[in-house]
Structures are given as C-alpha cells and as structure tokens.
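Presented below is the structure to which this report refers.
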Amino acid sequence: MNCPQESFVLHAVRSNEWTSELRAHAESCPHCQEIVLVTTAMKRFSNIDVPHSLPSHRLIWMKAQYARKQERISTLDMVTLIAMSAAGVMGLAGLLFWRFPKLLGGILGGTGSFPWSTMFSGGTPFIAAVGALLVVWFLTRDSFFAER
Amino acid sequence: MLDESTFSSFYDRTKAPFWKYIAAMVHDTALADDIFQESYVRFLQSRIESRNDVQMKSYLYRIASNLAHDHWRKEKHRSSVSPDELEDFSSHNPAGETELRSDIGDALKHLAPQQRSMVWLAYVEEYSHREIAGILKVKEQSVKVLLYRARQKLLEVFKVKGITQELGS
C-alpha cells in the first residue's frame, strides 16, 4: 500500500523537479503512478484564483482585539457579580446579627440547637431580608447561567 | 503572543492557500469566507506563543478543520446536501482549465469531508501523515488508510469522467 519513494515523488510532482531515476521509478511503481495522478490533479485544481479579494490583516486583527476585549469584559462581569452577591449576603447577615444579637448569641453560644424561636420572634425583618435575597437572585439568575 | 507586524506577514503568506483549502472542504464561498475569518480570529485569541511558521500554520488549519466539522455536524442534523447541490467554487475562474478543474472539483465532492481535507493537506500542502493526524485529530495509521481509500475513490471518478487521460496529456 505504501512506497518509500512516495514523499520524493510527491515533492517532484509539486516542484516539477525530477531526477531520471525517480521518473523511472514513478513510471514502474503502481503506487507512485497513483500518487502522480492525484497530486497532478490536485495541483491543477489548487491553481485557481481566489474569486474575490480577501480582507486585510488589519480587519482580522481588529476583530480579534474586539473579541478579546469582549472575553475580558465577560470574565470581569462574572467576578463583579460574584463579589457583589457575596457582599450582599454578608451585609444582610451582618444586619441580621446586629438587629438580633440574641440570635448571634444563640448560634455562637453553642447551646446545641439552632435558636429558631428567637429568629422568628420578631420575624418580619428576617423574612424581608430573605425575600430581598431571593428577589436579587431571581433578577440576576440569567447572569449566573448565561453561556460564556 | 503575536504582534501585529508578525501576524501581518504570516497572514499575507497564508491567506490565499488557506482560503482555497477551506473552499475545497466546504464548497461554498460564503461559508468559506466565514470560516476563514473566524479561524484567524480564534488563532489570534489563542495567544499562541510559537513563532514557528509550520506550527502556526498547522494550528490555523486545525482551527478551520474543527469549524468545518462543527458546521457539517449541524448540517447533518438539519438536512443532507447531495454533492450536486454543493457550489462549485472552481467555476469562478476564467475559461481554459475551468472545465478540468470543475471535473476535479466534482470528483472531490464524492469524498467524505474528512477525506477531502486529507487529500488537500497531503497532496497540495504536502503535510506528512503525522502532521495531518495532528491537524484532523485522527490516528496516524488512520490517515494512511483513509488517504488510500480517498485516492482509490478519486481515481475511480477520474476514470469515469475521463480526467485521467486529460491529466496525462
């Protein structure tokens, strides 16, 4: 299926530089005859002109710069979103503990059980905070799951 | 990363043969234009470190081959296009060899897309089997087998269309 002279024959067809030995070999070797035929055909086929002018390197360069910038913005977007969400959660948690010191004491005091009763005793602010978090998540969920 | 002047000289050296490769693969000039531009943009975005022309060129051809394969995968799901429906980009050339080129182009359409790429890379670009395997992400041994089959298929069509005699003359 292969001939050790294949690459030399291929190059000779492409460059049209034949030695007499190589030509004699190509005429007697069935494998190389196929190579000559296919390479000659492909050489003739590839010898066409591009039907229109191709874009300048500058246009491609600018497109790549733009795409790279978009990629950077997208990464920055994600980082900002995560940082803002984390800050929001921490801020709300801080506010809750500040407004409900008993709750903090209950958790940190190690009583063994979570102080649910304390949390829900004056519960409106807590529920409002959780609700606000849910609303924020609902409004920004597309940014989290967007295809990047 | 490449600077603009390095890219400019690389682009000027590669653009014409690269466009022809894509056009021969996809047989659609508009699609070839899209893949051509997208390949260079992705090539630049990849922040390739190498200044080696052969490596850069192989990488560029790999990107284009992947984009063409993505396109074929999508098209396969949508509809199957018969070889006769594919655009003949060789007919954009003036008369003379046009008929022969058109016949060779038709013969190429009888090959599977991957085989078309292989035939081009092997017999036009003179890539080695190992380099073709790297570009098309197939085993080196498979390149030998697929190229052999592609050659046999092409020669069969050449005979039917009388291209063999024309090439010999």
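Residue numbers (our numbering), protein chains in the order written: chain A, 1 to 148; chain B, 149 to 317.
All residues carry an ideal CB built from backbone N, CA and C; glycine is no exception.
For residue i, does the three-state DSSP call read helix, strand or coil?
{"i": "Val38/A", "result": "helix"}
{"i": "Gln70/A", "result": "helix"}
{"i": "Pro30/A", "result": "helix"}
{"i": "Asn2/A", "result": "coil"}
{"i": "Leu234/B", "result": "In this prediction, Leu234/B scores a pLDDT of 48, lower than 50, which makes its location untrustworthy; no coordinate-derived value is stated."}
{"i": "Asp77/A", "result": "helix"}
{"i": "Leu95/A", "result": "helix"}
{"i": "Ala216/B", "result": "helix"}
{"i": "Lys168/B", "result": "helix"}
{"i": "Thr19/A", "result": "coil"}
{"i": "Arg195/B", "result": "coil"}
{"i": "His52/A", "result": "coil"}
{"i": "Val286/B", "result": "coil"}
{"i": "Gly310/B", "result": "coil"}
{"i": "Val229/B", "result": "Confidence at Val229/B is low in this model, with a pLDDT of 48, below 50, so its placement is unreliable and no value can be given for it."}
{"i": "Tyr188/B", "result": "helix"}
{"i": "His258/B", "result": "coil"}
Is it the case that the Cβ atoms of residue i and residue j are separated by a distance below 8 Å?
{"i": "Gln262/B", "j": "Leu284/B", "result": "yes"}
{"i": "Ile311/B", "j": "Asp251/B", "result": "yes"}
{"i": "Arg195/B", "j": "Met149/B", "result": "yes"}
{"i": "His219/B", "j": "Leu179/B", "result": "yes"}
{"i": "Val267/B", "j": "Ala298/B", "result": "yes"}
{"i": "His11/A", "j": "Glu288/B", "result": "no"}
{"i": "Pro166/A", "j": "Thr177/B", "result": "Since the displayed chain A opens at 1 and closes at 148, residue 166/A lies outside it and no answer follows."}
{"i": "Lys63/A", "j": "Val189/B", "result": "yes"}
{"i": "Lys205/B", "j": "Leu54/A", "result": "no"}
{"i": "Gln193/B", "j": "Ala24/A", "result": "no"}
{"i": "Tyr207/B", "j": "Phe191/B", "result": "yes"}
{"i": "Leu81/A", "j": "Ala129/A", "result": "no"}
{"i": "Phe155/B", "j": "His57/A", "result": "yes"}
{"i": "Val79/A", "j": "Thr39/A", "result": "no"}
Going by C-alpha distance, which of the options is nearest residue i?
{"i": "Arg278/B", "options": "Ser265/B, Val267/B, Lys292/B", "result": "Lys292/B"}
{"i": "Glu304/B", "options": "Pro55/A, Leu37/A, Thr80/A", "result": "Leu37/A"}
{"i": "Leu295/B", "options": "Phe306/B, Leu269/B, Val308/B", "result": "Leu269/B"}
{"i": "His258/B", "options": "Thr154/B, Leu208/B, Lys309/B", "result": "Lys309/B"}
{"i": "Val202/B", "options": "Trp167/B, Phe158/B, Ala172/B", "result": "Phe158/B"}
{"i": "Gln313/B", "options": "His175/B, Glu152/B, Leu248/B", "result": "Leu248/B"}
{"i": "Cys29/A", "options": "Thr39/A, Leu59/A, Gln5/A", "result": "Gln5/A"}
{"i": "Glu197/B", "options": "Leu302/B, Val286/B, Asp151/B", "result": "Asp151/B"}
{"i": "Leu315/B", "options": "Glu34/A, Glu71/A, Asp77/A", "result": "Glu34/A"}
Could you check if residue i is buried or exposed, using at least 16 other CB atoms within 10 Å of its CB as the buried criterion?
{"i": "Trp61/A", "result": "buried"}
{"i": "Ser74/A", "result": "exposed"}
{"i": "Trp137/A", "result": "exposed"}
{"i": "Ala87/A", "result": "exposed"}
{"i": "Arg199/B", "result": "exposed"}
{"i": "Ile48/A", "result": "buried"}
{"i": "Ala83/A", "result": "exposed"}
{"i": "Met90/A", "result": "exposed"}
{"i": "Ile280/B", "result": "buried"}
With hydrogens ignored, establish whether the beta-carbon of residue i is closer than 7 Å to any heavy atom of the ligand NAP.
{"i": "Glu17/A", "result": "In the structure on display, the ligand NAP does not appear, and there are no ligands present to speak of."}
Excluding the five sequence neighbours on either side, which residues of its own chain have a C-beta within less than 6 Å of the C-beta of residue i, listed in chain order?
{"i": "Ala26/A", "result": "Val9, Cys32, Val36"}
{"i": "Leu256/B", "result": "Arg264"}
Could you name the residues of the same chain whose beta carbon sits closer than 8 Å to that of residue i, not counting the 5 residues immediately before and after it, in chain order?
{"i": "Ala132/A", "result": "Leu92"}
{"i": "Leu134/A", "result": "none"}
{"i": "Leu302/B", "result": "Ala255, Leu256, His258, Leu259, Val267"}
Please return the same chain residues whose Cβ sits closer than 7 Å to the Cβ of residue i, not counting the five positions on each side in sequence.
{"i": "Ser213/B", "result": "Ser265, Ile283, Leu284"}
{"i": "Leu215/B", "result": "Ile183, Glu186, Ser187"}
{"i": "Phe306/B", "result": "Ala255, Thr312"}
{"i": "Ile211/B", "result": "Ser187, Arg190, Phe191"}
{"i": "Ala41/A", "result": "none"}
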